[in-house]
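**Q** Got a structure here, written out as structure tokens. Questions coming.
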Amino acid sequence: MKVLIVEDEIELQKTLADSLRREHFVIETAGDFESASEKLALYDYDCVLLDIMLPGGSGLRLLDELKETGKSGNLIIISAKDSLDDKLKGLELGADDYLTKPFHIAELNARVKAVLRRKTLNGRNAIEFSNILLDLGERQFLVDGKDVALNRKEFDVLNYFLLNKNRLVTKNALAEHVWGDHIDQADNFDFIYYQIKNLRKKLQSAGAGIEIEAIYGIGYKLVEK
84 MKVLIVEDEI
94 ELQKTLADSL
104 RREHFVIETA
114 GDFESASEKL
124 ALYDYDCVLL
134 DIMLPGGSGL
144 RLLDELKETG
154 KSGNLIIISA
164 KDSLDDKLKG
174 LELGADDYLT
184 KPFHIAELNA
194 RVKAVLRRKT
204 LNGRNAIEFS
214 NILLDLGERQ
224 FLVDGKDVAL
234 NRKEFDVLNY
244 FLLNKNRLVT
254 KNALAEHVWG
264 DHIDQADNFD
274 FIYYQIKNLR
284 KKLQSAGAGI
294 EIEAIYGIGY
304 KLVEK
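For the sequence shown, the positions run 84 to 308 when this note's numbering is used.
Next up, the structure:
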């Protein structure tokens, strides 16, 4: 899952990014209003961590823009301003949570996971479909209750497909979600092809009741057999 950190304090930005990467999130960062606005307009994120006080503009203004475009979900405000007015304004604009600096990194990680569970999995921490279960907390993949080993990228690819089951997933969308938005600098998408090829083999060998269909020239779709 992909998280955007909008924070102008470089050391804190790096600390947050390193911590969330250890939790297997794909991380993008922005240090000012303009770069954050550009990324939020171009890309979709599973969660946004947003500081209020930013060079070039207010984080609340960014949140207002997100609300207008319907993209304000899965957002946590992180700010040194412990103002009730700011908290209420942020929540009114669609923020899911509010953390006042300083905070413990473990608390932030827990809140990010809680927001994602509420929004994408109706409070659960696992995805079930057909005869498979993907446990996001333990990063474990089960077919008929038996563990199937996946590498980190295979797990993230399968997670994205399951969140979008029966829908067309383009190669670009998959690449941006799993590998980050710098993927547009890649020469080709061969690496996606190989990850999906290996994932298909594992699904078939394990007797999974799902399969990944190729939509020629466009992308893929995960369906039940």
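Glycine included, every Cβ here is placed at the ideal spot set by N, Cα and C. The model shown is predicted, which means the values in this text are computed figures rather than measured ones.
Within 10 angstroms of the Cβ of residue 309, are there 16 or more other Cβ atoms? Answer buried if so, exposed if not.
**A** Here the chain has residues from 84 to 308 only, and residue 309 is not among them.
**Q** For a quick check, are the C-beta atoms of residue 108 and residue 85 less than 9 Å apart?
**A** Contact flag set, yes.
**Q** Taking the alpha-carbon positions, what's the residue 142 to residue 159 distance?
**A** Each residue's alpha carbon lies about 11 Å from the other.
**Q** Between residue 162 and residue 183, how many whole angstroms is the CB-CB distance? I'm expecting something under 8 Å.
**A** About 7 Å; that satisfies the 8 Å criterion.
**Q** Rounding to the nearest angstrom, what Cα-Cα distance links residue 284 and residue 278 in this structure?
**A** Computed Cα separation, rounded: 10 Å.
**Q** Within the same chain, show all residues whose beta-carbon is closer than 8 Å to that of residue 93, passing over the 5 residues directly before and after it, in chain order.
**A** Taken in chain order, the residues that qualify are 114.
**Q** Measure the Cβ-Cβ separation of residue 303 and residue 241 and say whether it is below 9 Å.
**A** Their beta carbons are not under 9 Å apart, which means residue 303 does not touch residue 241 by this criterion.
**Q** Nearest-angstrom Cα distance between residue 307 and residue 168?
**A** Looking at the two C-alpha atoms, the distance is approximately 48 Å.
**Q** Between the alpha carbons of residue 293 and residue 172, how many angstroms are there, rounded?
**A** For residue 293 and residue 172, the distance between alpha carbons rounds to 44 Å.
**Q** Report yes if the CB atom of residue 255 is closer than 9 Å to the CB atom of residue 305, and no otherwise.
**A** Contact flag unset, no.
**Q** Just how far apart, CA to CA, sit residue 187 and residue 200?
**A** Looking at the two C-alpha atoms, the distance is approximately 20 Å.
**Q** So, under 8 Å CB-CB, residue 226 and residue 210 are touching, yes? Tell me the CB distance rounded to an integer number of Å.
**A** Contact doesn't hold; Cβ gap of about 13 Å is too wide.
**Q** Scan the segment 92-173 and note each continuous alpha helix (DSSP H) run of 4 residues or more that stays entirely inside, going in chain order.
**A** DSSP runs (the alpha helix (DSSP H)) wholly in the segment 92-173: 93-105, 116-125, 142-151.
**Q** What is the DSSP secondary structure of residue 251, reduced to helix, strand or coil?
**A** Coil, per DSSP.
**Q** Near residue 157, which residues of its chain fall below 7 Å by C-beta distance, leaving aside the five closest residues on each side in sequence?
**A** Closer than 7 Å at Cβ, skipping near neighbours: 129, 130, 131, 179, 198, 199, 202.
**Q** Can you check which of these residues, 154, 234, 276, is closest to residue 177 by C-alpha distance?
**A** Minimum Cα distance to residue 177 is reached at 154.
**Q** Taking Cβ to Cβ, would you say residue 134 is nearer than 9 Å to residue 91?
**A** It is a contact, given that the beta carbons lie within the stated cut-off.
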